[in-house]
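In short: position in the sequence shown from 1, add 196, done, that's our numbering.
Below is one structure, written out as structure tokens; comments come after it.
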Amino acid sequence: MEVMYRDSEISISIRCLLDDRSVILHGRPGVGKRAVFDGLKEVFPVPTIEVDIARLVTESADCGTFEESLEGYAQLASQKKAVLFIPHIELLKVLEDGACSAIFGVECCCNGSVFRDLCRMVALGELTCVATTNSYKSLQRISNFYCYFTGVEVREMTATQSIECLIANRRYLEDTMGMLLSNKAISAAVTMTQEHFPHQQLPGKAIDLLTIVGESERCCSLKSLVREVSETTDITSDQLFQEISRQNSPPSSIDFQNPDLGSAFGRRFSAPDKNKSRPSGGTGQRRKAHAPAMSSRSALRRISIDTSNSSVKSPSIPSSPLAVL
Numbered sequence: 197m198e199v200m201y202r203d204s205e206i207s208i209s210i211r212c213l214l215d216d217r218s219v220i221l222h223g224r225p226g227v228g229k230r231a232v233f234d235g236l237k238e239v240f241p242v243p244t245i246e247v248d249i250a251r252l253v254t255e256s257a258d259c260g261t262f263e264e265s266l267e268g269y270a271q272l273a274s275q276k277k278a279v280l281f282i283p284h285i286e287l288l289k290v291l292e293d294g295a296c297s298a299i300f301g302v303e304c305c306c307n308g309s310v311f312r313d314l315c316r317m318v319a320l321g322e323l324t325c326v327a328t329t330n331s332y333k334s335l336q337r338i339s340n341f342y343c344y345f346t347g348v349e350v351r352e353m354t355a356t357q358s359i360e361c362l363i364a365n366r367r368y369l370e371d372t373m374g375m376l377l378s379n380k381a382i383s384a385a386v387t388m389t390q391e392h393f394p395h396q397q398l399p400g401k402a403i404d405l406l407t408i409v410g411e412s413e414r415c416c417s418l419k420s421l422v423r424e425v426s427e428t429t430d431i432t433s434d435q436l437f438q439e440i441s442r443q444n445s446p447p448s449s450i451d452f453q454n455p456d457l458g459s460a461f462g463r464r465f466s467a468p469d470k471n472k473s474r475p476s477g478g479t480g481q482r483r484k485a486h487a488p489a490m491s492s493r494s495a496l497r498r499i500s501i502d503t504s505n506s507s508v509k510s511p512s513i514p515s516s517p518l519a520v521l
């Protein structure tokens with residue numbers, strides 16, 4: 197795996213783990229928090245156990261064993277001296293606040309202290325965690341939260357960095373989408389989303405555009421990418437082609453590897469609010485209010501950010517004497 201332009205975030209995270217401090221990687225959706233964790237494992241090979249909260253909720257909804265299952269993961273990580281990786285840790289606070297059915301569509305019989313119990317184990321030094329979140333400001337309002345986790349901000353890549361990163365990891369994208377991608381298609385996706393979708397973040401929004409077009413047309417030609425953006429933003433295809441042609445060509449020779457970016461970029465992008473003005477370089481026309489057509493995948497998959505595809509597999513922990521995860 198090749199993780200690029202994240203040396204600072206990885207270095208800070210490693211120093212925290214060496215000091216037995218838990219880490220929370222925070223940033224806007226799409227910036228690549230999961231990729232930072234994958235890069236951390238490459239240079240700091242510590243045992244890790246991952247918790248997929250969304251999957252755990254749905255599997256334990258009928259038997260009401262969510263707390264037991266989560267505690268099983270935490271205890272195993274503590275016994276094995278492993279790092280417990282929790283993507284989207286804010287979902288635990290959502291469960292604790294009783295909003296399970298609204299978010300996941302199922303009833304989860306949580307006792308109302310699942311998030312506090314985890315923080316207590318971290319505070320007592322019984323558990324070391326690496327977590328990710330899109331809602332860091334909300335978590336900071338929790339009393340003494342800063343005592344439990346050290347925040348490491350993951351910022352958005354520039355367009356040039358995103359192009360280089362995605363081209364370097366092109367084989368993974370091709371395997372995931374089931375089709376070939378050209379350097380020009382990747383460069384065009386980054387260029388157009390950076391210009392016309394300012395409310396989402398690179399490189400995630402460029403991957404989302406490639407995914408949406410690939411799912412609907414089974415190919416990612418330059419023409420199909422331009423058509424998707426044109427229909428979403430009301431910008432003419434001719435103008436989009438001109439914007440693409442003004443960009444420098446991406447590097448033609450990259451040392452391709454077989455990375456596992458996993459689900460760090462598992463979100464869809466949407467059109468900006470039609471009441472917001474277009475950034476300089478636009479035509480002045482209003483954008484459509486609707487977002488690009490979504491695939492038929494459930495909302496639950498988008499919430500979980502597809503964490504089940506991680507290369508780090510969680511062991512099976514008995515959630516009760518009669519049930520196994």
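Backbone N, C-alpha and C fix where the C-beta goes; we use that ideal spot for every residue, glycine too.
Examine chain D for any beta-carbon lying closer than 9 Å to the beta-carbon of valine 310, and answer yes or no. In the structure shown, chain D does not exist; there is a single protein chain.
What is the DSSP secondary structure of alanine 327, counted as helix, strand or coil? Here residue 327 refers to the residue found at position 131 of the sequence shown. Alanine 327 sits in a strand when the DSSP states are folded into three classes.
Can you tell which of Glu263, Glu292 and Val242 has its C-alpha closest to the C-alpha of phenylalanine 281? Along the sequence shown, read from residue 1 onward, the residue named residue 281 stands at position 85. The candidate whose alpha carbon is nearest that of phenylalanine 281 is Val242.
Identity of the residues DSSP links to glutamate 246 by a beta bridge: Position 50 of the sequence shown, counted from the start, is the residue given in the question as residue 246. DSSP, once it has assigned bridges, lists Phe281 as partnering glutamate 246.
Backbone CA spacing between methionine 388 and phenylalanine 437 [nearest angstrom]: Against the sequence shown, residue 388 aligns to sequence position 192. Against the sequence shown, residue 437 aligns to sequence position 241. In this structure, the straight-line span from the alpha carbon of methionine 388 to that of phenylalanine 437 is close to 10 Å.
Just reading off the alpha helix (DSSP H) that glycine 410 is part of, what are its end residues? Counting from 1 along the sequence shown, the entry for residue 410 is found at position 214. Per DSSP, glycine 410 is one residue of the alpha helix (DSSP H) stretching across 400-413.
According to DSSP, is glutamate 286 helix, strand or coil? Within the sequence shown, residue 286 is the residue found at index 90, counting from 1. Note: glutamate 286 maps to helix in three-state DSSP.
How far does the beta strand (DSSP E) with isoleucine 338 in it reach, from first residue to last? Against the sequence shown, residue 338 aligns to sequence position 142. Annotation: isoleucine 338 is outside any beta strand (DSSP E) and is labelled neither H nor E by DSSP.
Tell me, please, whether the region 344-357 touches the region 201-220 by the rule of three or more beta-carbon pairs shorter than 8 Å. Yes: at least three Cβ pairs fall under 8 Å.
Buried/exposed call for alanine 298, threshold 16 Cβ in 10 Å: To locate residue 298, count along the sequence shown from 1; it is residue 102. Alanine 298 is exposed by the Cβ-count criterion.
Looking at the unbroken beta strand (DSSP E) that takes in serine 218, where does it start and where does it end? As a working note, residue 218 is residue 22 in the sequence shown. From DSSP, the beta strand (DSSP E) with serine 218 extends over 218-222.
Rounded to the nearest angstrom, what separates asparagine 365 and glutamate 286 at their Cα positions? Here residue 365 is taken as the residue at index 169 of the sequence shown, counted from 1. Here residue 286 is taken as the residue at index 90 of the sequence shown, counted from 1. Rounded to the nearest angstrom, the two C-alpha atoms are 29 Å apart.
Between the Cα of valine 279 and the Cα atoms of Lys333, Val302, Ser383 and Asp215, which residue gives the shortest distance? Position 83 of the sequence shown, counted from the first residue, corresponds to residue 279. It is Asp215.
Looking only at DSSP bridge pairs, what is glycine 228 linked to? For the purposes of this step, residue 228 is taken as residue 32 along the sequence shown, with counting starting at 1. Partner(s): none; glycine 228 has no beta bridge.
Between isoleucine 531 and the rest of its own chain, which residues show a CB-CB distance below 6 Å, the 5 nearest in sequence each way excluded? Any answer about residue 531 is impossible in this case: the structure gives the chain only from 197 up to 521.
For glutamine 357, which residues of its own chain have a beta-carbon under 6 Å away from its beta-carbon, when the five flanking residues on both sides are left out? Start at 1 with the first residue of the sequence shown, and residue 357 comes out as number 161. Counting only Cβ-Cβ distances below 6 Å, and skipping sequence neighbours, we find Tyr201.
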